[in-house]
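All remarks here apply to the structure that follows.
In our numbering, the protein residues as written are 1182 to 1696.
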């Protein structure tokens, strides 16, 4: 049973409007209560520029990267934002046109060039974007804004100034890397990206960046590949957005959403394709899960298989008595969800937004359980013996292990996405709570669900712009998991297990718009 709240009419469209950066931080008017003990800064990155001159961007992930910073101190909040000075942004601003091809928008050659110059520009190779609009993460004492290519951008977390572009290819063997690395408590960074493996076939490399050492040398210089996962299709790597990590294991989920590398190299150069044009779905593959020992870099010789889904975000992964518990935000089916994130769809009237979303893969938060020890004598049996989950893992006669999930949350066209946990304390370990964004037909909204004796509260960011005031409501989004019945869970201030903080932040009208 669930009750839904329709999105405020027109409010969601503000997410997809171009905004200007701020010259200095602005102070928010707070309605509600922000605890005085909450101190620090929240950095987030996202699209903030959706056209250059008369040329529009077409996809949600084309907008130029805008850094956001919320500073919390003694119950007060200030907000600041600046565009990341990537090559893509600087050249676009200089030439007043889209210069570098983005996720769903092709950059045409300079119309001011003569016909021969424009013709030969098609054969100069692929110019990869550095539009760092997805995430910000630390390496040593530095912070980097990133997308999913080989380029990351070093930024100043205090002033939001851009420092320099960094090419990961100069340090490790990857063609690109995800925007969701794992950062351990000692500062070690793990990430995954595709690469060329043995016999020119594609593979996926796990890279390790060590923490800052006493010699103060840039940790990037000490990056290394620690594990290589094989690719199920020699020339078509799967799209990878995140992966799982525990103290002893690395989990890679290979989905049926593929990048056609030959199309990427040929169509891009000859016919003006963009990234989205190079994706395709393998309708028969399903999903393959791979596991490696973290310390030894050795692959487990167990073939985990399950039915097709899209995957962007892992919630958490942990070990329990010979099993790996893998919690995921999935989208059912093999069709690529990003096909539905073109700006024309998202900016439509609410009825049309819902109509398009109903055609898309449907979201489910799921728990999979992977047995780490297999006995052939158990063929045909469910290998999962954990008492707190309904997930199954059945050993088949072909020696594959077929996985069926426990559904943690499922609401028609309502998603639990962009999950967060108490990562520093419970990342890779048994945990109790996860927090995320409630999506109503791809648009942030509030949803409250009651499922049996378990209470799940999904609440999210709401937007409203009226009378020159831009308002944002921030809520914790909370999903209590049954799985850690033996675990005491996250203990907050004054012993509270869960502290909801609701606040309405009002900003001056110059902050209104998307971003």
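Even for Gly, the Cβ is constructed at its ideal location relative to N, Cα and C.
No experiment lies behind these values; they were computed from the predicted model shown.
Collapsed DSSP secondary structure at residue i in the structure displayed
{"i": "residue 1276", "result": "helix"}
{"i": "residue 1552", "result": "strand"}
{"i": "residue 1676", "result": "The predicted model places residue 1676 with a pLDDT of 33, which falls under 50 and marks its position as unreliable, so this point remains unresolved."}
{"i": "residue 1324", "result": "strand"}
{"i": "residue 1508", "result": "strand"}
{"i": "residue 1209", "result": "coil"}
{"i": "residue 1538", "result": "helix"}
{"i": "residue 1597", "result": "strand"}
{"i": "residue 1563", "result": "strand"}
{"i": "residue 1399", "result": "coil"}
{"i": "residue 1197", "result": "helix"}
{"i": "residue 1558", "result": "helix"}
{"i": "residue 1385", "result": "strand"}
{"i": "residue 1367", "result": "coil"}
{"i": "residue 1444", "result": "helix"}
{"i": "residue 1192", "result": "helix"}
{"i": "residue 1545", "result": "strand"}
{"i": "residue 1393", "result": "coil"}
{"i": "residue 1301", "result": "Reliability of the predicted coordinates at residue 1301 is poor, the pLDDT of 45 falling under 50, and no value is obtained from them."}
{"i": "residue 1242", "result": "helix"}
{"i": "residue 1583", "result": "strand"}
{"i": "residue 1355", "result": "coil"}
{"i": "residue 1269", "result": "helix"}
{"i": "residue 1569", "result": "coil"}
{"i": "residue 1630", "result": "Note on residue 1630: pLDDT 47, under 50, position unreliable in the model; no value is reported."}
Proximity below 8 Å, CB of residue i to CB of residue j
{"i": "residue 1421", "j": "residue 1387", "result": "no"}
{"i": "residue 1383", "j": "residue 1432", "result": "no"}
{"i": "residue 1463", "j": "residue 1444", "result": "no"}
{"i": "residue 1250", "j": "residue 1261", "result": "yes"}
{"i": "residue 1567", "j": "residue 1588", "result": "no"}
{"i": "residue 1243", "j": "residue 1198", "result": "no"}
{"i": "residue 1152", "j": "residue 1277", "result": "Limits of the chain in this structure are 1182 at one end and 1696 at the other, which puts residue 1152 out of reach."}
{"i": "residue 1623", "j": "residue 1538", "result": "yes"}
{"i": "residue 1328", "j": "residue 1360", "result": "yes"}
{"i": "residue 1331", "j": "residue 1357", "result": "yes"}
{"i": "residue 1491", "j": "residue 1436", "result": "yes"}
{"i": "residue 1511", "j": "residue 1545", "result": "yes"}
{"i": "residue 1336", "j": "residue 1393", "result": "no"}
{"i": "residue 1572", "j": "residue 1582", "result": "no"}
{"i": "residue 1426", "j": "residue 1229", "result": "no"}
{"i": "residue 1404", "j": "residue 1353", "result": "yes"}
{"i": "residue 1517", "j": "residue 1611", "result": "no"}
{"i": "residue 1235", "j": "residue 1270", "result": "no"}
{"i": "residue 1308", "j": "residue 1281", "result": "yes"}
{"i": "residue 1268", "j": "residue 1346", "result": "yes"}
{"i": "residue 1576", "j": "residue 1596", "result": "no"}
{"i": "residue 1553", "j": "residue 1503", "result": "yes"}
Presumed contact (8 Å Cβ cut-off) between residue i and residue j, rounded CB distance
{"i": "residue 1489", "j": "residue 1453", "result": "With 8 Å as the limit, residue 1489 and residue 1453 do not qualify as a contact, their Cβ atoms being about 30 Å apart."}
{"i": "residue 1195", "j": "residue 1220", "result": "With a Cβ gap of about 29 Å, residue 1195 and residue 1220 do not count as contacting."}
{"i": "residue 1600", "j": "residue 1496", "result": "4 Å"}
{"i": "residue 1318", "j": "residue 1362", "result": "6 Å"}
{"i": "residue 1326", "j": "residue 1226", "result": "5 Å"}
{"i": "residue 1441", "j": "residue 1417", "result": "6 Å"}
{"i": "residue 1208", "j": "residue 1259", "result": "5 Å"}
{"i": "residue 1338", "j": "residue 1224", "result": "6 Å"}
{"i": "residue 1124", "j": "residue 1377", "result": "The question about residue 1124 has no answer here: the residues shown for the chain are numbered 1182 through 1696."}
{"i": "residue 1265", "j": "residue 1343", "result": "5 Å"}
Residue i, enclosing beta strand (DSSP E) - first and last residue
{"i": "residue 1252", "result": "1245 to 1254"}
{"i": "residue 1335", "result": "1332 to 1336"}
{"i": "residue 1525", "result": "That residue, residue 1525, is in no beta strand (DSSP E); its alpha helix (DSSP H) goes 1524 to 1527."}
{"i": "residue 1376", "result": "1370 to 1377"}
{"i": "residue 1361", "result": "First-last for residue 1361: undefined, no H or E at that position."}
{"i": "residue 1228", "result": "1221 to 1230"}
{"i": "residue 1479", "result": "No beta strand (DSSP E) holds residue 1479; DSSP gives it neither H nor E."}
{"i": "residue 1287", "result": "Here residue 1287 belongs to no beta strand (DSSP E), and DSSP marks it neither H nor E."}
{"i": "residue 1462", "result": "1460 to 1462"}
{"i": "residue 1503", "result": "Run containing residue 1503: none; DSSP gives neither H nor E here."}
{"i": "residue 1435", "result": "1430 to 1435"}
{"i": "residue 1262", "result": "1257 to 1264"}
{"i": "residue 1471", "result": "1468 to 1474"}
{"i": "residue 1348", "result": "1343 to 1348"}
{"i": "residue 1621", "result": "1614 to 1621"}
{"i": "residue 1486", "result": "1484 to 1487"}
{"i": "residue 1216", "result": "Taken as a continuous stretch (DSSP letters only), residue 1216 belongs to no beta strand (DSSP E), as it is neither H nor E."}
Residue interval of the alpha helix (DSSP H) (run including residue i)
{"i": "residue 1605", "result": "1604 to 1607"}
{"i": "residue 1417", "result": "Where residue 1417 is concerned, there is no enclosing alpha helix (DSSP H), given that its DSSP letter is neither H nor E."}
Residue i Cβ short of 7 Å to the ligand NAP heavy atom set
{"i": "residue 1216", "result": "This structure lacks the ligand NAP, and indeed carries no ligand of any kind."}
Taking 8 Å as the threshold, find out whether the region 1465 to 1484 comes into contact with the region 1306 to 1315 through three or more Cβ pairs.
-> These segments do not touch.
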